[in-house]
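Using this note's numbering, read the sequence shown as starting at -2 and increasing by one per residue. A quick write-up on the structure given underneath.
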Amino acid sequence: MAAALVPAQAALVLLGPSGIGKTSLVTESIARFGYAFPGGIFWLNCANRNPIELQLSGYAQELSIDRTGLDGDQLIEQVIKAWQLPIPRLLVFDSCDDPRLLEQWQPLIGGSRVLVTSRFDQWSTLSSLQLDVLTSIESRELLQQICPRLSAGEATTLAADLGHFPLTLHVAAIYLQAAASHSVQRYQQALSLIKQQASVVVSQPLDCCIASVRLTINQLDSLALGLLDCVAWCAYGVPLPRALVLTFIAAETPVDTAVATLQRLLDVGLLSGTNAIIIHQIVGQIVHTQVGDHAHAIHVVERWHTQLDGLDGSAYFAAMRWAAPHLQQLASRMQGWGDRAVAICANQLAAYADDLNWDSLAEYWYQQAMLAQERSLGLVHEQLTTSLNNLAESSVRQGKTLAAIDYAQRAYQINRQLFGEIHETTMFHALRVGQMLRAHGSYHSAQAWYRQTLAILAQLDPAEHISTILEANLALIGLLQHEGQAKDARHIYQQAMHMLHPFPITNDMDAYWDQYQALQATHPHQTDQTMDS
């Protein structure tokens, strides 16, 4: 495999079913030959429709790309350009079963090499390496390497019974090594019982793998099983920070106990990794089917949310690059029954897309957050107005003014129902609708919303809203003068000056002075004395 990646622009596909060891082989290759790629190793998880675009744009930080002024598409364009430079890099498209993904993102020039893992042989234009089950000798050697107490005869017999499947052999050998009192015959009997209970087809190697994994899972205590289930709610094959995984265990659990529990799952082969923890797809699917506790999923989302909210800058971007596939997986699985958690995941993904200036993707995830909130909280809730405001801002940035106005009006109506007509939150949302209508050129409609804003302001404490008073009056006067309604404009000006009269505004008041000067400039010949008379 390493030899096949020597030429520049080389691409190799590792083929084989789940559990055959494709990803493990890539990981081992990187451990041995990673030094050959001074430009870095870039791992893209393509399983379960994971957000490839977010993963690609997330690598901008590692490539020292300046994100200033770049939107999401432009950011990816810069990442691809970096991959087209002569410096050797390794791009791993893991669990990629759609050739179109590779066609879309593979650099065709430069020093990057591409390694693909796939279950299906549909890569006629690329070199491939088929990974098959082990030979009888290889299977026996693997079993004895992990569990030295097995005789050659026992290992040979067990390997034949297990179908020479690498993952199956690995799990079985670890099980037997840990359970020194269990003979091979006893293990085979237990495996046979598991198959019968699950109505598993014995002739398929993968079925033996499933049975062996279930047998190992059945030996776990409740703490270990709960932790494994938490991990299984996340994306398969995508690294999880070890520190985060340990927080999946209840906070009252002693640290030593939590560490030992995680280590046990690593020791029995159900999880892998050191600082980054990975769950294999087969293991994850079995655990999800066998346990799948909704409370664990909600707990995992809360832990992700806590971790990400405590980060900023480069640390945040580095964390989100790995978090994105997990958050998308959680959001997908929890729809309908865990919609409050779905909204949390969707908002995290939307905020990340926002930070990457990826407005279209941010809009999609803000929409998912809004839909989840509607399902879980109803159509009138304060959190829903936050999503509507986010959608309005995203729509404005994309030039979708009518959509932005609709979102803003919905947010206003919800706040009006929640807080009443005379409330500062309702007032601010009315002002926002007016601003958007004005930007769209709907001047007559905008006037009505500015008047509504001023009507609410008249019943609030003006001392707390001087800037808003100035802004709303300036905007309405400008619209009236634009429409040739000079008399109405003068009347609004007089009302504004009367409202502001108790609060002398001087040129040392930076927050208000410019707006105040602009307001006075609308009627340069109108004096305070004239107003008072």
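Using N, Cα and C, we set each Cβ at its ideal position, and we do this for glycine too.
Buried or exposed (CB count within 10 angstroms, at least 16 for buried), tryptophan 301: It is buried - the Cβ of tryptophan 301 has at least 16 other Cβ atoms within 10 Å.
Are the stretch 137 to 154 and the stretch 96 to 104 touching, with three or more C-beta to C-beta distances below 8 angstroms? With a cut-off of 8 angstroms, the stretch 96 to 104 and the stretch 137 to 154 do not count as touching, because too few Cβ pairs lie within range.
Closest residue to asparagine 470 among Glu461, Gly431 and Gln406 (Cα-Cα distance): In terms of CA proximity to asparagine 470, Gly431 leads the group Glu461, Gly431 and Gln406.
Where does proline 238 sit, in a helix, a strand or coil, going by DSSP? Collapsing the DSSP output to three states places proline 238 in a strand.
Cβ neighbour criterion (16 or more within 10 Å) applied to asparagine 412: Buried, by the Cβ-count rule.
So which of Ala294, His179, Ala(-1) and Leu53 has the shortest CA-CA distance to glutamine 216? Checked all of Ala294, His179, Ala(-1) and Leu53; the closest Cα to glutamine 216 is His179.
Candidates Asn42, Gln58 and Glu390: which alpha carbon is nearest alanine 312's? Checked all of Asn42, Gln58 and Glu390; the closest Cα to alanine 312 is Gln58.
Taking 8 angstroms as the cut-off, decide whether the C-beta atoms of proline 163 and glycine 18 are in contact. Taking 8 angstroms as the Cβ cut-off, proline 163 and glycine 18 qualify as a contacting pair.
So within the stretch 158 to 219, which uninterrupted alpha helix (DSSP H) runs reach at least 4 residues, ignoring any that extend past its ends? Taking only runs of at least 4 residues, the alpha helix (DSSP H) segments lying wholly in the stretch 158 to 219 are 163 to 175, 181 to 195 and 202 to 214.
Taking 7 angstroms as the limit between beta carbons, can you name the residues of its chain near serine 442, skipping five residues before and five after? A distance below 7 angstroms between beta-carbons, with the five flanking residues on each side excluded, links serine 442 to the following residues of its chain, in chain order: Leu434.
Which two residues bound the contiguous alpha helix (DSSP H) that contains phenylalanine 314? Element bounds for phenylalanine 314: 310 to 330.
Could you pull the DSSP bridge partners for threonine 114 from this structure? When beta bridges are read from the DSSP output, threonine 114 appears opposite Leu11.
Span of the alpha helix (DSSP H) around arginine 64: That residue, arginine 64, is in no alpha helix (DSSP H); it is neither H nor E in DSSP.
Alpha-carbon spacing of leucine 123 relative to alanine 436, whole angstroms: Distance between the alpha carbons of leucine 123 and alanine 436 is about 52 angstroms.
On a CA-only basis, which of Leu126, Arg116 and Pro145 is nearest proline 14? Give me that one, please. Checked all of Leu126, Arg116 and Pro145; the closest Cα to proline 14 is Arg116.
Classification of isoleucine 276 by the beta-carbon crowding that lies within 10 angstroms, buried from 16 upward: Buried is the call here.
Measure the CB-CB distance between leucine 241 and glutamine 325 and report whether it falls below 8 angstroms. Between leucine 241 and glutamine 325, the CB-CB gap reaches or exceeds 8 angstroms.
Cα-Cα, which of Glu379, His495 and Asn354 is closest to glycine 69? Nearest Cα to glycine 69 within the set Glu379, His495 and Asn354: Asn354.
Could you spell out the range, first to last residue, of the alpha helix (DSSP H) harbouring asparagine 386? For asparagine 386, the uninterrupted alpha helix (DSSP H) run begins and ends at 379 to 394, by DSSP.
Classify tyrosine 32 as buried or exposed, calling it buried when 16 or more other Cβ atoms lie within 10 Å of its own Cβ. With fewer than 16 Cβ atoms within 10 Å of its Cβ, tyrosine 32 is classed as exposed.
C-beta atoms of glutamate 360 and leucine 388 nearer than 8 angstroms: In this structure, the beta-carbon distance from glutamate 360 to leucine 388 falls below 8 angstroms.
Pull the bridge partners of arginine 86 from the DSSP assignment, please. DSSP lists Ser109 as the beta-bridge partner residues of arginine 86.
Throw me the rounded Cβ distance for the glutamine 370 and serine 384 pair, which I believe falls under 8 angstroms. Right, the Cβ-Cβ distance comes to about 6 angstroms (below 8 angstroms), so this counts as a contact.
C-alpha gap between valine 3 and threonine 286, whole angstroms: Each residue's alpha carbon lies about 42 angstroms from the other.
Cβ neighbour criterion (16 or more within 10 Å) applied to arginine 29: Arginine 29 is exposed by the Cβ-count criterion.
Measure the C-alpha to C-alpha separation of valine 197 and alanine 208 and round it to an integer number of angstroms. Confidence at valine 197 is low in this model, with a pLDDT of 47, below 50, so the placement of that residue should be treated as unreliable; the coordinate-derived value is given next. Using only the alpha carbons, I get a separation of about 8 angstroms.
When we look at the beta-carbon of glutamate 468 and count the other beta-carbons within 10 Å, is it buried (16 or more) or exposed? So glutamate 468 counts as buried.
Would DSSP call serine 353 helix, strand or coil? What sits at residue 353 in the sequence shown is leucine, not serine. Here leucine 353 sits in coil by DSSP.
Of all the options Ala(-1), Ile27 and Gly266, which has the alpha carbon lying nearest to the alpha carbon of cysteine 206? Comparing Cα-Cα distances from cysteine 206 to each of Ala(-1), Ile27 and Gly266, the minimum goes to Gly266.
Do leucine 346 and tryptophan 230 have their beta-carbon atoms positioned less than 8 angstroms apart in this structure? Not in contact: tryptophan 230 and leucine 346 (Cβ atoms no closer than 8 angstroms).
As a quick exercise: from Gln6, Ser21 and Met(-2), pick the residue whose alpha carbon is nearest that of glutamine 278. Among Gln6, Ser21 and Met(-2), the Cα nearest to that of glutamine 278 belongs to Ser21.
Around the Cβ of arginine 110, are there at least 16 other Cβ atoms within 10 angstroms (buried) or fewer (exposed)? Using a 10 angstroms sphere on the CB of arginine 110, the tally of other CB atoms reaches 16 or more, which defines it as buried.
Our contact map puts glycine 16 next to leucine 203 with C-beta atoms below 8 angstroms; I'd like the distance itself, whole angstroms only. A Cβ-Cβ separation of about 6 angstroms places glycine 16 in contact with leucine 203 under the 8 angstroms criterion.
Leucine 268 versus Thr213, Gln444, Pro521 and Arg146, residue with shortest Cα-Cα distance: Taking only the C-alpha atoms, the option nearest leucine 268 is Thr213.
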